[in-house]
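Report on the structure given below.
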Amino acid sequence: MNFKKKHLHRLILGAWLILSGSAFAYPDNGTNNITPPSGDYVIVGDYINSPQTGVVVGVGVNNTVDQSVVIGNQAGVNGSTTTDDQAAVAIGFQAAAREKSVVVGAGAMGATNAAVFGSGATSLDYGVAVGSDAKAGGANTTAVGQGAAATGPNAMALGSGSRASGTNSIALGTNSNDGGRQNVVSVGSTTQRRAIINVTEGTAGSDAATVSQLPGTLSYAGGEGVVMMGNTKATGGNANPVRVTNVADGTANNDAVNVSQLNTATANVAQNTTDITSIKNGELGLVQQVGGAPGSGIVTVGAATGGTAVNFTGTEGDRRLTGVAAGVSDTDAVNVSQLNTATANVAQNTTDITSIKNGTLGLVQQVGGAPGSGIVTVGAATGGTAVNFTGTEGDRRLTGVAAGVNDTDAVNVSQLNAATTSYTNGVQYDNVEHTSVTLGGVGASSAVALTNVAAGLVAAGSTDAVNGAQLFDLVSQIAANQAATDAAIASINPTVINITNNTNIDQATLNKLKFVAVNSTAADASASGSESVALGGNSSASGANSIAIGFNANASADNAMALGANTVASGANSVALGQGSVASDPNTVSVGNASTGMTRTISNVAPGVNGTDAVNVNQMNSAVSQGVHDSNRYTDRAVSSALAIPSIPFLQAGDKWVGAAVGGYGGSAAVGLAAAYQATASLNVGAGVSSSSGGSTAYKVQAGYRW
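In this text, residue positions in the sequence shown follow this note's numbering: the first is -16, and each later residue adds one.
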């Protein structure tokens, strides 16, 4: 699908986007070319309806007003297309906004010039609704708090669950209710009342009076004891003090208060004094110090309240948080010293990774040449007597093994097959008791010559074999003796007695042993295990199906193989390769001996193909490089997404703001959008979203308060 770029100032991300003004053209030539419309806009998402200018992000989004911003699935902006009735913002799932309004929250709705922030919040024209399910249901009304409702014209409800239904009325505080009265300020309800504290003494006739002003309102004139209360007069004899009884609770601003109300106010003042003392001692408020005497213990911030962030920003910008101890737990803050240490560790890790890539660090290294050449070593600087290639799927094949040359080199299958072939042509005992040896094997049909036999000891009790020369000497001696005997007999008896004794040794049979050479003065080889083979002086194959080849080789476990002088294969199914190698663990191949520090390099290893193949250093370096590359890409996308979310500034009360930004880091780029509304001079709310080139999406919703 080809995009034809014809205009600047626009961005399209997504598929099946629907814009006004013939946004996409699908020609019949089968090329699936898409031609964007003219205008300035940003579109991100699926199934979107957008105007000529604006920002649209989401799925199923409807935006028919130019210069508007829509972010969220099924969010929408709808209104007039005149110049004065444009520029609306709708952010959130199913958020809906009219002209020049800002709506942020799932299911939130706002009419013309409204500001709505919160899930399910709604507002009519020129209203403000902040909080989940807040409702500004009258003209020019304000509702702040979860479930707050201001339905009277010009009414204001401030507090969770507060209700202001009277014209120009104010309900202040959680669950406060004006009872439908006009031009009143309610700080409670018929069932919940509040004291108004910290009131400045009134000076004008319409000002509120404080409790301290009450005694001064009762003035006694002359000696007649006249007490003036507005337009009423009470007299008493000789100007004595007069007690006014049966005074109802004052409700209006100019009502008298009774002692009960005064006592309540006094108790509230006492409670406030206690609370202030508790705040001073760190026992009350958002910031407390607990677990010890005043001035000691752990300092907590908002421990008994909600909220997921602490904002230290002031009128002059961000603040430094000093005196931070080194963090210990996972959720502790870290100080700059710890950050510097972590940065140094990352730098060291980068150096170590480079060394691993170059084969100069780690268990597997390549030394003695430039990177990628030289001898590959495995665990050269560490202990251990075995290299275990077993994986989750069982044993692995070690491929690409060159033919061993030195005594401690690994042998490959080709060498092993050659050795096995030589075993087939070797001389074996006829039984496990080693009581006889038949040349050519038990049941051979032809005789076998045994050649190059050293002269055996001819003495009483000797069990040595004799060779042909010894036999010839014996036959010659017998013949000479025979001749001498014959001569002696002839001299005694004219009768000649001929004694003939012929012994035949098949030379062809002896010649077959010339390919086996044994030169050892050590003890005899021993193959006591079933179907076992032992070759070499003092070699022993005591395990079933075991093989021991070489001087002092010992294969004591079933199916074990000890190849080389002084090798030991004591683990079942193990192989000890090379002089002095020890394989004590089952199912292992050993090319050295950890207890003596002798290790060997397995060189010329081809790249592994199957799951059980050995890998060479090149494969390992490639895997490490790919892992680092993937990690860098993930980090680049995360950082670029964070950089692309525009920073939301503080504005003048009632101002709305929308911004876009592009961020880049490493090899990744991202585009981001944000919108904000200054609800009051102190309260600021906003939201932002970004999408990186790797397909990752980041978002944030924030609220700020300054004082």
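Every residue, glycine too, gets a C-beta built ideally from N, C-alpha and C.
Check                                                                                                               : Outcome
8 Å contact criterion, which Thr391 and Gly561 should meet: CB distance rounded                                     : 4 Å
Runs of beta strand (DSSP E) lying entirely within the region 551 to 621, each at least 3 residues, in chain order  : 558 to 560
Identity of the residue in Ala437, Gly130, Ala664, Ala122 nearest Gly114 by Cα                                      : Gly130
Nonlocal neighbours in the same chain, by C-beta distance under 6 Å from Val441, ignoring five residues either side : none
Spatially closest choice to Phe100 from Asp108, Ala94, Ala117, by CA coordinates                                    : Ala117
Bridge-paired residues (DSSP) for Asn667                                                                            : Gln661, Gly687
Candidates Gly149, Ile153, Asp447, of which the one nearest Leu141 by Cα                                            : Ile153
Option nearest Thr595 by Cα separation, candidates Thr291, Ser106, Phe372, Ser675                                   : Phe372
Selection from Val329, Ser564, Val170, Gly677 that minimises the alpha carbon distance to Gly647                    : Gly677
Inside the region 336 to 401 only - beta strand (DSSP E) runs reaching at least 3 residues                          : 347 to 350, 358 to 361
For Ser674, three-class secondary structure by DSSP                                                                 : strand
Euclidean distance between Cα positions of Val436 and Val410                                                        : 14 Å
Start-to-end residues for the beta strand (DSSP E) that takes in Ile532                                             : 530 to 532
Contact set for Ser515: own chain, Cβ-Cβ below 8 Å, skip 5 residues either direction                                : Ala524, Ser525, Gly526, Ala527, Asn528, Ser529, Ile530, Ala531, Ala538
Assigned exposure category for Ile54 - 16 Cβ within 10 Å defines buried                                             : buried
Proximity below 8 Å, CB of Ile585 to CB of Val598                                                                   : no
Endpoints, beta strand (DSSP E) assigned at Ile74                                                                   : 72 to 74
Residues sharing a beta bridge with Gln271, DSSP                                                                    : Thr283
Opposing strand residues paired with Val647 [DSSP bridges]                                                          : Checking the sequence shown, residue 647 turns out to be Gly, not Val. For Gly647, which the question treats as bridged, DSSP gives the partners Ala652.
Neighbour-count burial assignment, Tyr109, 16 or more Cβ in a 10 Å radius                                           : buried
Residue range of the unbroken beta strand (DSSP E) whose run includes Leu518                                        : 516 to 518
CA nearest to the CA of Val654, picked from Ala621, Ala664, Trp640                                                  : Ala621
Burial state of Trp690 (16 or more Cβ within 10 Å)                                                                  : exposed
Whole-Å CB distance - Val600 paired with Val359, under 8 Å assumed                                                  : 5 Å
Closest by C-alpha distance to Leu603, when choosing among Gln453, Val319, Asp541, Asn341                           : It should be pointed out that residue 603 corresponds to Met in this sequence rather than to Leu. Comparing Cα-Cα distances from Met603 to each of Gln453, Val319, Asp541, Asn341, the minimum goes to Asn341.
Cutoff 6 Å; reference Gly357; Cβ partners in own chain excluding five residues on either side                       : Gln349, Val350, Gly351
Option in Asp638, Gly637, Ala636, Ser630 with minimal Cα separation from Val645                                     : Ser630
Distance, Arg81 Cα to Asn56 Cα                                                                                      : 17 Å
Counted within 10 angstroms of its Cβ, other Cβ atoms place Ile74 as buried (16 or more) or exposed                 : buried
Range of the contiguous beta strand (DSSP E) that encloses Leu546                                                   : 544 to 546
Option nearest Asn96 by Cα separation, candidates Asn667, Asp638, Gly650                                            : Asp638
Phe534 beta carbon less than 8 Å from that of Ala555                                                                : no
Neighbourhood of Gln331 by C-beta, 7 Å cutoff - its chain only, sequence neighbours within 5 removed                : none
DSSP three-state assignment for Thr100, whether helix, strand or coil                                               : It is Phe, not Thr, that sits at residue 100 in the sequence shown. Three-state result, Phe100: strand.
Per-residue DSSP class, three states only, for Ser243                                                               : helix
Whole beta strand (DSSP E) elements within the region 144 to 189, 3-residue minimum                                 : 153 to 155
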